[in-house]
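Position 71, counted from 1, in the sequence shown is what full-length UniProt numbering calls 71; the numbers after and before it change by one each time, with no gaps.
By construction, the Cβ of each residue, glycine as well, lies at the ideal position given by its N, Cα and C atoms.
Computed from a predicted structure; not experimentally measured.
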Amino acid sequence: MAFAYSEKVMDHFTNPRNVGEIENCSGCGTVGNAQCGDIMRVYLDIDDNRRIRDVKFKTFGCGAAIATSSMATELVKGKTIQEALEVTNKAVMEALDGLPPVKVHCSLLAEEAIHAALWDYAEREGIVIEGLEKPKTDIHEHETEPEYALA
């Protein structure tokens, strides 16, 4: 089955940004989707002003999972933790000029991985990040997936 991917998706798949790990990271979050087998891990380096100084990811999954991971890291780099929390799967899809409907779950995985890393950071620091809920480790735990997709 062939999917029509945007140029941006293909660019972030073939030339992913921010791949790797951050040693002694401020927060690390791992999420997956048991149904499709995608696994995403995000590492955050957050400074004393609670701004994301650096972000890296490692993803085992399809091209869309890699592209959404790459774009999500680009969207949160340099942001405050509160600004990063506002990066949604819809924002990731828009930044990539859309995803095929059957790949929307990849953008949700990227959003949840950022949230999981922020949750880990908050636990390490003993703080509460307003608006952050405990992330799901398996995004299939969400009752419904968003119906949003760009054509």
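First and last residue of the uninterrupted alpha helix (DSSP H) at residue i
{"i": "LYS8", "result": "7-14"}
Rounded Cβ spacing between residue i and residue j (contact assumed at less than 8 Å)
{"i": "ALA72", "j": "VAL104", "result": "No, ALA72 and VAL104 are not in contact; Cβ-Cβ is about 14 Å, not under 8 Å."}
{"i": "GLY29", "j": "HIS115", "result": "7 Å"}
{"i": "ALA122", "j": "LEU132", "result": "7 Å"}
CB contact flag (residue i, residue j, <8 Å)
{"i": "LEU118", "j": "ALA84", "result": "yes"}
{"i": "ARG53", "j": "THR80", "result": "no"}
{"i": "ASN33", "j": "SER70", "result": "no"}
{"i": "LEU99", "j": "VAL9", "result": "yes"}
{"i": "ALA67", "j": "ASP38", "result": "no"}
{"i": "GLU86", "j": "VAL31", "result": "no"}
{"i": "ASP120", "j": "GLY27", "result": "yes"}
{"i": "GLY78", "j": "PHE13", "result": "no"}
Span of the beta strand (DSSP E) around residue i
{"i": "ILE52", "result": "52-60"}
{"i": "VAL31", "result": "27-33"}
{"i": "VAL76", "result": "It is not in any beta strand (DSSP E) - VAL76 instead sits in the alpha helix (DSSP H) that spans 63-76."}
{"i": "ASP45", "result": "38-46"}
ask   = Going along the chain, which unbroken runs of the alpha helix (DSSP H) with 4 or more residues stay wholly within the region 81-145?
value = 81-85, 89-95 and 104-125
query = On the three-pair Cβ rule with 8 Å, is the region 33-42 touching the region 54-63?
reply = yes
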